[in-house]
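At the far end of the sequence shown sits residue 426, using UniProt numbering, and the numbering has no gaps. Idealized CB from N, CA, C, for every residue including glycine. Note that this is a predicted model, so its numbers are computed, not measured. One structure is given here, and the rest of the page talks about it.
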Amino acid sequence: MVRIILYFVVGIVVSFYLFPIGFTFLPASINTKMVLGLAGGILFGYNSIQERGVVLSRGLLGAIGFAVFFSLACYIATDVNNTSDYSYVTYIGSFFAWLAGAYAVCMLIKQVHSTNTFQILVLYLAAVCFVQCVLALLIDNIESFQLLVDSYVSQGQEFYEEKNRLYGIGAALDSAGVRFAVVLVLIIALICHDQQVRRHSVRIVLLLVAFFTVAVIGNMISRTTVIGLSAAILYFIIFSGLFRLEIRFSAIHLGIWFGITLLIAIAISTYLYYINDDFYGHMRFAFEGFFNLVEKGEWKTASTDKLNNEMWIWPEDTKTWIIGSGLFGSFIYGTDIGYCRFILYSGLTGFSIFALFFIYNGYFFMRQSPTYATMFLVLIAMTFLFWIKVATDIFFIYALFFCLDEFIEETIKKPLTQHEDRLLYS
1 MVRIILYFVV GIVVSFYLFP IGFTFLPASI NTKMVLGLAG GILFGYNSIQ
51 ERGVVLSRGL LGAIGFAVFF SLACYIATDV NNTSDYSYVT YIGSFFAWLA
101 GAYAVCMLIK QVHSTNTFQI LVLYLAAVCF VQCVLALLID NIESFQLLVD
151 SYVSQGQEFY EEKNRLYGIG AALDSAGVRF AVVLVLIIAL ICHDQQVRRH
201 SVRIVLLLVA FFTVAVIGNM ISRTTVIGLS AAILYFIIFS GLFRLEIRFS
251 AIHLGIWFGI TLLIAIAIST YLYYINDDFY GHMRFAFEGF FNLVEKGEWK
301 TASTDKLNNE MWIWPEDTKT WIIGSGLFGS FIYGTDIGYC RFILYSGLTG
351 FSIFALFFIY NGYFFMRQSP TYATMFLVLI AMTFLFWIKV ATDIFFIYAL
401 FFCLDEFIEE TIKKPLTQHE DRLLYS
């Protein structure tokens with residue numbers, strides 16, 4: 001019983017990290033990302049004192065360098081243009097907040113499970129995303145539960161209600177869609193490559209239930225989820241082992257469970273589509289492109305039409321192309337597209353550094369974990385796909401990877417007790 005409570009607590013902490021929220025009884029400037037960042041920073045400082053040295057991986061030092069240079073490029077953009085929009089000038093602060101929060105999460109997982117492997121992390125991420133999808137349906141269908149959540153959680157829910165959008169506890173709009181998309185890819189990568197999981201029917205079923213729940217309800221919350229869903233399905237086709245001349249028993253075992261879970265997901269979704277008006281409306285929104293293709297012979301959605309017709313806005317002079325305008329916030333240019341917003345803010349200079357930052361992170365982990373190299377390549381590609389729709393970043397997931405023993409233990413040096421002449425080393 002105690003173990004179950006501990007797992008539940010870890011799940012809540014992971015949710016607070018992945019889907020940060022504020023509370024109505026706290027100042028609006030305080031959210032769970034900041035609290036976890038503070039806790040992680042204190043914990044890291046304590047452990048560093050205990051070990052008599054600061055232990056960092058070589059890869060993390062490179063990531064810090066990119067974050068510093070990006071913040072510097074954004075500062076130069078604001079300084080040259082004489083603006084006070086520091087939206088991404090402070091990115092280095094956000095970088096360390098994510099990193100410290102990830103450290104707190106991974107240390108908690110290690111305390112409870114005695115290790116913090118990729119498998120354990122993905123199981124928690126999958127569980128959190130599954131629960132968020134369930135919470136979104138409960139909030140949408142049970143008014144008393146919605147009032148309970150809204151009375152304690154501050155997350156801009158007034159806007160979601162105005163737009164008739166599903167939301168969980170911290171999970172809403174494109175920020176949730178990006179996280180759902182990433183986790184869908186992680187789930188399939190784990191199922192395809194982890195032999196322990198492939199031999200464990202219960203884990204396969206639980207992961208697949210989470211996968212299809214997020215695939216359906218996650219798209220209702222944010223259609224950005226479909227990017228991860230598409231990538232995950234392609235990943236499964238290539239690496240599941242089902243589509244080879246020589247098919248192993250483990251692949252057949254996985255394929256059977258995948259097929260059963262898929263059929264159940266389709267059956268439940270179809271049933272609810274026809275008997276529940278709210279579910280019908282959410283399904284029409286989630287898979288609008290598919291319904292338009294079937295009914296009108298053309299794949300299109302209202303949001304993609306708006307993006308294509310109104311939001312591809314580019315700089316109008318050479319200076320802005322190079323260094324940007326130093327303006328980002330308040331939807332000043334009337335576009336959501338990441339490419340446009342980043343270039344308009346910090347020019348090609350800042351955007352190039354930011355893009356290289358995510359290429360570097362993915363490439364570093366490709367080198368660290370050849371087993372999951374393709375997964376990290378997919379994450380790099382997804383970053384650039386997300387920017388077609390929204391200005392965002394996925395360092396939140398790389399921050400967790402930087403804190404996993406499985407991915408970084410080979411690059412960690414011994415503590416300062418054997419290197420008295422240095423305080424920081426790689």
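Check, Outcome
"Distance between Val-105 and Val-14 (C-alpha atoms, nearest Å)", "6 Å"
"Cβ-Cβ distance between Ile-187 and Leu-207 below 7 Å", "yes"
"Under the three-state DSSP convention, the category Gly-241 falls into", "coil"
"Exposure of Lys-414, with buried meaning 16 or more beta-carbon neighbours within 10 Å", "Annotation note: pLDDT 43 at Lys-414 (below 50); position unreliable, coordinate value reported separately. When all chains shown are included, Lys-414 counts as exposed."
"Residue environment, Ile-4, which counts as buried when at least 16 other CB atoms sit within 10 Å", "exposed"
"Three-state secondary structure assigned by DSSP to Ser-154", "strand"
"Check whether Gly-338 and Trp-299 have beta carbons under 7 Å apart", "no"
"With 16 other Cβ atoms within 10 Å as the buried cut-off, status of Thr-115", "exposed"
"Stretch-stretch touch, CB-based, cutoff 8 Å, three pairs: the segment 21-35 with the segment 84-93", "no"
"Where Gly-259 sits in the DSSP three-state scheme", "helix"
"Inter-residue Cα distance where the pair is Thr-24 and Ser-154", "5 Å"
"Residues near Thr-383 in its chain [Cβ-Cβ closer than 7 Å; skip 5 each side]", "Phe-358, Ile-394"
"Counted within 10 angstroms of its Cβ, other Cβ atoms place Ala-267 as buried (16 or more) or exposed", "exposed"
"Rounded straight-line distance, which links the Cα of Leu-26 to that of Thr-374", "42 Å"
"Beta-carbon spacing of Gly-218, Cys-340 below 7 Å", "no"
"For Val-10, three-class secondary structure by DSSP", "helix"
"Proximal residues to Phe-407 (C-beta, below 8 Å), its chain only, five neighbours per side dropped", "Phe-118, Phe-365, Gln-368, Ser-369, Phe-401"
"Rounded separation between Tyr-152 and Pro-20 - CA only", "14 Å"
"Simplified DSSP state of Glu-410, which is helix, strand or coil", "Note that Glu-410 scores a pLDDT of 47, beneath 50, so its modelled location is shaky and nothing firm can be said."
"Cut-off 8 Å between Cβ atoms - residues of its own chain near Leu-6, not counting five sequence neighbours on either side", "Val-112"
"Three-way DSSP call (helix, strand, coil) for Phe-23 in this model", "strand"
"Closest residue to Phe-342 among Val-131, Leu-173, Ile-221, Ala-77 (Cα-Cα distance)", "Ala-77"
"Neighbourhood of Tyr-235 by C-beta, 8 Å cutoff - its chain only, sequence neighbours within 5 removed", "Val-185, Ile-188, Ala-189, Cys-192, Thr-374, Met-375, Val-378"
"Expected contact under 8 Å - CB spacing of residue 493 and Tyr-345 to nearest Å", "Lying before the first or after the last residue shown, residue 493 is absent from the chain, which here runs from 1 to 426."
"Distance, Gly-59 Cα to Ser-426 Cα", "Because Ser-426 carries a pLDDT of 33, less than 50, the predicted location of this residue cannot be relied on, and the following value inherits that uncertainty. Using only the alpha carbons, I get a separation of about 9 Å."
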